[in-house]
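First comes the structure, then the notes that go with it.
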Amino acid sequence: MRGSGVRGEMSPQGIFGRIISSLNEAMLDDTHWPQASKLIDEACGSKGNALFFGKASSSTHVDIYFTKCCYRGDSRPDQMHEYLKHYHAADEHVPRMRRLPHGKIVPIAEQFTEEERKRSRCYNKAYSRYEMQNALEVRLDMSDGAHIAWGIADPVDSTGWSTSRVEMIARVLPQIHQYVRVRSALTEADALGASLLDSTRAGIIQMDRRGMIATMNDKASKLLAKNDGLTCRANSLIAVQPTDQSKLSELLARALPRYGAHARSGSMVIRQLGLLPMLVLHVMPVESREEHYQTRRIAALILLMDPMDRVSIDPDLVEELLGLSAKEARIAVMLAEGRTLRQIAAMTGRGYNTLRYQFHLIFTKLGISRQVELTQIIHALSEFPGLKN
């Protein structure tokens, strides 16, 4: 392997295009992440990379939403688990990493003092074994105070971190940012996997290659029927505000390119009338697959999240009829009202991991496995207030 670490004679632009395509697939199906990670390693000349998404709940504690750790496409969740369990809390450089400016790429070693590099158990034991002592890292801002931390493992050869390699890392950053943004939104909407259109908490619109609406779920139909922020005219998705329409057209053009250009995902907010919060809109390209004829006409997915989509549900009724504890009933109702676990954590003062544990207890008690099932049960109860008596 030489230079940038890219196999054969493929140009940097060619490998970058493959990275974009692979990340687009991983946004909708996370089993594609190892392949995308491998391409990134090859393009950047690194031995591997580790991705964290979370939020600091205090000066000493971080709620981790999800992590990825791959070395040339080989997934290493065991290594990530070991680091989080035995090293993360004592990692001297983590507080400094959290203060890094958005998008600034820095050597991990520079985030340790000279004395720490001599004595740190994390730096000398864990990072040496993980091949991260000569790694680079970068922090990216997310909403609600959350952030992404991405570590790019040691370079594969004596070329080190050449200008071209660092430039490639910088080019990949917006794609990593979007990957995490979309995966997070889909997870919170319980809209992962093949049953996207079954989601009751997210509006899902499937677009064909002409940029026309092919189909949508009930939630999306209701949002468009309001003609507030977004609407549908002649099977075209239209933003009511001209400035929003300009941005939407740009996103669709990037997701549905012509003449062989690489499709890219993107996000925006849609303004509604009055004082209503803005809709959140994500656009994701869908790669064609010959073995799945049904998907060949679907070229992009649009995910819509409405922060005002709430229903009025009595927690006492949920507690009594479903046999949940008072705390579990309140969490179940807040989830059914459209709030995310992070929002519930902020409102209740409970830790994110504690809520996740209670979330799974609710699933066990009710004999369900998907959040959409919980939402349907709670909403059904809300239509029969007289049952409480």
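Counting from 1 along the sequence shown, just add 27 to a position and that's the residue number in the numbering used here.
Heads up, the beta-carbon is just placed ideally off N, CA and C, and yes, glycines get one too.
It is roughly 37 Å from the alpha-carbon of Y157 to the alpha-carbon of T391. Around the Cβ of M374, a 10 Å sphere holds fewer than 16 other Cβ atoms; the residue is exposed. A contact between stretches requires three or more CB pairs, one per stretch, nearer than 8 Å, and the segment 259-270 meets this requirement with the segment 237-247. Taken through DSSP and simplified to helix, strand or coil, I265 comes out as strand. For H174 and F80, the gap between their C-alpha atoms comes out near 6 Å. For the options E141, T94, V209, the alpha carbon positioned closest to that of K82 is the one of T94. If you check the CB distance, L351 and A359 come in under 9 Å. The alpha-carbon separation between D341 and N244 amounts to approximately 27 Å. Put simply, the segment 67-79 touches the segment 178-197. At least three CB pairs are less than 8 Å apart.
Per DSSP, reduced to three states, the secondary structure at I329 is strand. Nearest to D184 by alpha-carbon distance, out of C71, L308, L362, is C71. Pairing K131 with V310, the inter-Cα distance amounts to about 26 Å. Between L127 and V296, the alpha-carbon positions lie close to 26 Å from each other. For V209, the closest alpha carbon among the candidates A53, Q40, S49 is that of A53. In this structure, S294 lies near L308, with their beta-carbon atoms less than 9 Å apart. In the structure shown, A77 adopts extended strand secondary structure according to DSSP, grouped into three states.
Per DSSP, the beta-bridge partners of E164 are V133, G178. Distance from the CA atom of I329 to the CA atom of G41, rounded to whole angstroms, is 27 Å. Counting the other CB atoms within 10 Å of its CB gives L300 a total below 16, which places it among the exposed residues. If you draw a straight line from the Cα of M332 to the Cα of T186, it is about 45 Å long. Straight across, the Cα-Cα distance linking A282 with A162 is about 33 Å. In the structure shown, R366 adopts coil according to DSSP, grouped into three states. Cβ-Cβ distances below 7 Å link N151 to nothing in the same chain once the five nearest sequence neighbours on each side are left out.
Taking the CA atoms as reference points, R146 sits about 10 Å from T140. Residue M159 holds the alpha-carbon nearest to the alpha-carbon of I135 among N76, H115, M159. Put simply, of I47, V133, Y384, R148 the residue whose alpha carbon is nearest the alpha carbon of Q205 is I47.
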